[in-house]
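Enquirer: Okay, handing you the structure first.
Protein chains: 2
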Amino acid sequence: MFNIIFNMTSEETFNDKQIQILQVAETLFAENGFDRTSIRSISKEAKINVAMISYYFGSKEKLLESLVSYRTKDLKFQLENLSAENLEPIDKIDKLIELYINRINCNKGIYRILHFEFAVGNNDIKIEVLDELRKGNLKSLTAIIKEGQNKGVFRKDIIIELISPTILGTFFHFNMNKSFFQNLLHLNKEEQFESYIKTSLTKHIQQTIKALLIYES
Amino acid sequence: MFNIIFNMTSEETFNDKQIQILQVAETLFAENGFDRTSIRSISKEAKINVAMISYYFGSKEKLLESLVSYRTKDLKFQLENLSAENLEPIDKIDKLIELYINRINCNKGIYRILHFEFAVGNNDIKIEVLDELRKGNLKSLTAIIKEGQNKGVFRKDIIIELISPTILGTFFHFNMNKSFFQNLLHLNKEEQFESYIKTSLTKHIQQTIKALLIYES
DNA sequence: AACAAAATTAAACAACTGTTTAATTTAAAC
DNA sequence: GTTTAAATTAAACAGTTGTTTAATTTTGTT
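Heads up: the protein sequence lines correspond to chains A and B, in order. Under numbering that gives the first Met the number 0, the letters of the first sequence match residues 0 to 216, in that order. Under numbering that gives the first Met the number 0, the letters of the second sequence match residues 0 to 216, in that order.
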């Protein structure tokens, strides 16, 4: 009857209606979380019938999976170019951190969702795309740090695996306690908060990582 | 009739039944998240009637609030004592980080809950206890850093507000991507993972913060 | 124009949600 | 033992949830 193929694992192409739904879902999931977002609110916001979501995606969870693969499609190759660039290792670190933050900041929605929905004991939802992405990131970072170590600029007793938790952890923690820090740092307006991330927070993280890499105790 | 005072802001004392409920709630909230945990499942696990939760705590959200204040009671005082201790600022930083991690690690449940439930745009749930806790933490940290700055040990252009996001963010990010790091660092057994946190991760964070505080660029 | 497939709809469904009710049992005080 | 308040219960309540049905409209093909 309604012969829709739900598991289009290799190459998913979404039509206009599906993309419309995905965009609304992204906004609402990011705003309220997966559980607190009803498919009725999605359908209402997207101005489509509730049944269309089941019709197109199969279920609410499948909708989330589709959303993830829709948004993390081209993300993978972003960092690889950087480590190949003709820059000093320390400047590469600066650029890498800036790239990280900018990238995540521009795709707040999906990263917020990922951060939440896949970190809980939410083992029902498993996405291997995410694992590949993380491993790719680690590889690029390792290349840069090894280069710096060979040049004698970076210390050699660094646990490289713990660098990105510090970068990303700091950023996410700051974002996730947004209202607290808005209040604390008097960043009431959205643009102020955004600006603070792009300048002070980015600089803080760069400073931190560089200090860790260079400082001799 | 059922004259129970729900807003016992200053001094809340819980009876055995309430503590029993709180403990079960903590486990289930941490395992499945706040939304995915029904009060029926709590009541079933705690072997009490559903109505008892409303009876004792007022509502599901109030239960969560009670849980938070129940678990974060004495952290505040531990930190306050630390900054008053007779130690060099740099050793206080070490101790503070160790205290943080140990504390959070021993109370995984509640911190996992906090991390998730209050980070989303979950503005319905507002807990002033949490805000006080964070501000208290910041105050203790500020005291230590200021002391170090006055002694000429720490640099003066540090944004103190961004220190604890780095400490906590790193720790949480590591924990929330547990399975990834277990795989990456070959910490398959639980005790190995725990041990890694207590040694390598703690050391990494201490090293990072100290480097940031001391390093002259 | 006629037909079939796809898209869209309103309504129903069944299960679950947090909370409240009113009745009953337990405990404490006198 | 009686009285009174607290604790506990099963049941009902009112709402929401994700999903499915079956009917209707739209679209594309011949």
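From the three backbone atoms N, C-alpha and C, an ideal C-beta is built for every residue, glycine too. Just so it is clear, the structure is predicted and the values come from calculations on it, not from any experiment.
Under the rule that 16 or more other beta-carbon atoms within 10 Å means buried, what is Q191/B, buried or exposed?
Expert: Along the second sequence, read from residue 1 onward, the residue named residue 191/B stands at position 192. Exposed, by the Cβ-count rule.
Enquirer: Quick check on H185/A - is its C-beta less than 8 Å from some C-beta in chain B?
Expert: By 1-based counting over the first sequence, the position of residue 185/A is 186. Output row for H185/A: interface = no.
Enquirer: What are the boundary residues of the alpha helix (DSSP H) that D112/B is part of?
Expert: On the second sequence, position 113 is the one that residue 112/B refers to. Checking the sequence shown, residue 112/B turns out to be Ile, not Asp. Residues 107 to 116.
Enquirer: Measure the C-alpha to C-alpha separation of E193/A and L183/B and round it to an integer number of angstroms.
Expert: As a first step, residue 193/A is located in the first sequence; it is residue number 194 there, counting from the start. As a first step, residue 183/B is located in the second sequence; it is residue number 184 there, counting from the start. Cα to Cα, E193/A sits roughly 33 Å from L183/B.
Enquirer: How many angstroms separate the CA atom of K46/B from the CA atom of L66/B?
Expert: Position 47 of the second sequence holds residue 46/B. Position 67 of the second sequence holds residue 66/B. Looking at the two C-alpha atoms, the distance is approximately 18 Å.
Enquirer: Checking contacts by CB at 8 Å: is Y99/B closer than that to chain A?
Expert: The residue given as residue 99/B occupies position 100 in the second sequence. So, not an interface residue.
Enquirer: Please go through the same chain and pick out, in chain order, the residues whose beta-carbon is closer than 7 Å to the beta-carbon of R111/B, but skip the five residues on each side of it.
Expert: As a working mapping, residue 111/B is identified with position 112 in the second sequence. A29, listed in sequence order.
Enquirer: Mind the definition here: the region 86 to 100 of chain A touches the region 48 to 58 of chain A only if three or more C-beta pairs lie below 8 Å; say whether that holds.
Expert: Counting Cβ pairs under 8 Å, fewer than three are found: no touch.
Enquirer: Quick one: which chain A residues come within Cβ less than 7 Å of A210/B?
Expert: On the second sequence, residue 210/B is found 211 positions in, with the first residue counted as 1. Simply A210, L211, Y214.
Enquirer: How about Q206/B: is its C-beta nearer than 8 Å to some C-beta of chain A?
Expert: Indexing the second sequence from 1 puts residue 206/B at position 207. Yes, contact with chain A.
Enquirer: Taking the alpha carbon of G236/A as the point to measure from, which residue in T71/A, V49/A, G151/A, I159/A has its own alpha carbon closest?
Expert: The structure shown does not extend to residue 236/A, since chain A is modelled only from 0 through 216, so no value can be given for it.
Enquirer: Tell whether a beta-carbon distance below 8 Å holds between I41/A and H203/B.
Expert: Mapped onto the first sequence, residue 41/A falls at position 42. Mapped onto the second sequence, residue 203/B falls at position 204. Contact flag unset, no.
Enquirer: Taking Cβ-Cβ distances below 8 Å as the criterion, which residues of the region 63 to 88 of chain B are in contact with chain A?
Expert: Within the region 63 to 88 of chain B, no residue qualifies.
Enquirer: Can you tell me where the alpha helix (DSSP H) holding H203/B begins and where it ends?
Expert: Walking along the second sequence from the start, residue 203/B turns up at place 204. Note, H203/B: alpha helix (DSSP H), 201 to 213.
Enquirer: Going along chain B in order, which residues have a C-beta closer than 9 Å to the C-beta of D93/A?
Expert: What you label residue 93/A is simply residue 94 of the first sequence in a count that begins at 1. Chain B residues near D93/A: none, gap ~12 Å exceeds 9 Å.
Enquirer: Please go through the same chain and pick out, in chain order, the residues whose beta-carbon is closer than 7 Å to the beta-carbon of K69/B, but skip the five residues on each side of it.
Expert: As a first step, residue 69/B must be located in the second sequence, where it is residue number 70. The question names Lys, but residue 69/B is Tyr in the sequence shown. Cβ neighbours of Y69/B beyond the five flanking positions: F13, L21.
Enquirer: Given a cut-off of 8 Å on the beta-carbon distance, is the pair I38/B and K16/B in contact?
Expert: For the purposes of this step, residue 38/B is identified with residue 39 of the second sequence, where counting begins at 1. For the purposes of this step, residue 16/B is identified with residue 17 of the second sequence, where counting begins at 1. No; because the gap between Cβ atoms is not below 8 Å, this pair is not in contact.
Enquirer: Using a Cβ cut-off of 7 Å, pull out every chain A residue sitting near D130/B, in sequence order please.
Expert: Within the second sequence, the letter at position 131 stands for residue 130/B. In chain order: F179.
Enquirer: Starting from L200/A, find everything on chain B with Cβ-Cβ shorter than 9 Å and list it in chain order.
Expert: For this step, residue 200/A is matched to residue 201 along the first sequence. Per Cβ cutoff of 9 Å: I158, L161, P164.
Enquirer: With a threshold of 16 other CB atoms inside 10 Å of the CB of F171/A, please say whether the residue is buried or exposed.
Expert: Within the first sequence, residue 171/A is the residue found at index 172, counting from 1. F171/A comes out buried.
Enquirer: Does DSSP put K150/B in a helix, in a strand, or in coil?
Expert: In the second sequence, counting from the first residue as 1, residue 150/B sits at position 151. K150/B: coil per DSSP, three-state reduction.
Enquirer: What in chain A is Cβ-close to T26/B, meaning under 8 Å?
Expert: Along the second sequence, read from residue 1 onward, the residue named residue 26/B stands at position 27. Result: empty, since nearest Cβ-Cβ is about 11 Å, beyond 8 Å.
Enquirer: Just to check, is the beta-carbon of F115/B closer than 7 Å to a non-hydrogen atom of the ligand HEM?
Expert: Ligands are entirely absent from the displayed structure, and the ligand HEM is therefore not among its contents.
Enquirer: Closest to F33/B by CA distance: which of E116/A, A24/A, P88/A, E97/A is it?
Expert: Looking up residue 33/B in the second sequence gives position 34. It is E116/A whose Cα lies nearest to the Cα of F33/B.
Enquirer: Select from the region 23 to 52 of chain A all residues with a C-beta closer than 7 Å to any C-beta belonging to chain B, and list them in chain order.
Expert: Listed in sequence order: E30, N31, G32, D34, R35.
Enquirer: Comparing the C-beta of S139/B with each C-beta of chain A, is any distance below 8 Å?
Expert: What you label residue 139/B is simply residue 140 of the second sequence in a count that begins at 1. Not closer than 8 Å to any Cβ of chain A, the Cβ of S139/B fails to qualify, so no.
Enquirer: Taking the alpha helix (DSSP H) that F179/B belongs to, which residues open and close that run?
Expert: The count along the second sequence starts at 1 and reaches residue 179/B at position 180. Its alpha helix (DSSP H) spans residues 177 to 183.
Enquirer: With distance defined between alpha-carbon atoms, name the residue in L74/B, P164/B, E146/B, R133/B nearest to A83/B.
Expert: Along the second sequence, read from residue 1 onward, the residue named residue 83/B stands at position 84. Answer by Cα proximity: E146/B.
Enquirer: In terms of residue numbering, what span does the alpha helix (DSSP H) encompassing L21/A cover?
Expert: As a first step, residue 21/A is located in the first sequence; it is residue number 22 there, counting from the start. Here the alpha helix (DSSP H) through L21/A covers 15 to 31.
Enquirer: If you draw a straight line from the C-alpha of L81/A to the C-alpha of D130/A, how long is it?
Expert: On the first sequence, residue 81/A is found 82 positions in, with the first residue counted as 1. On the first sequence, residue 130/A is found 131 positions in, with the first residue counted as 1. Between L81/A and D130/A, the C-alpha separation is close to 20 Å.
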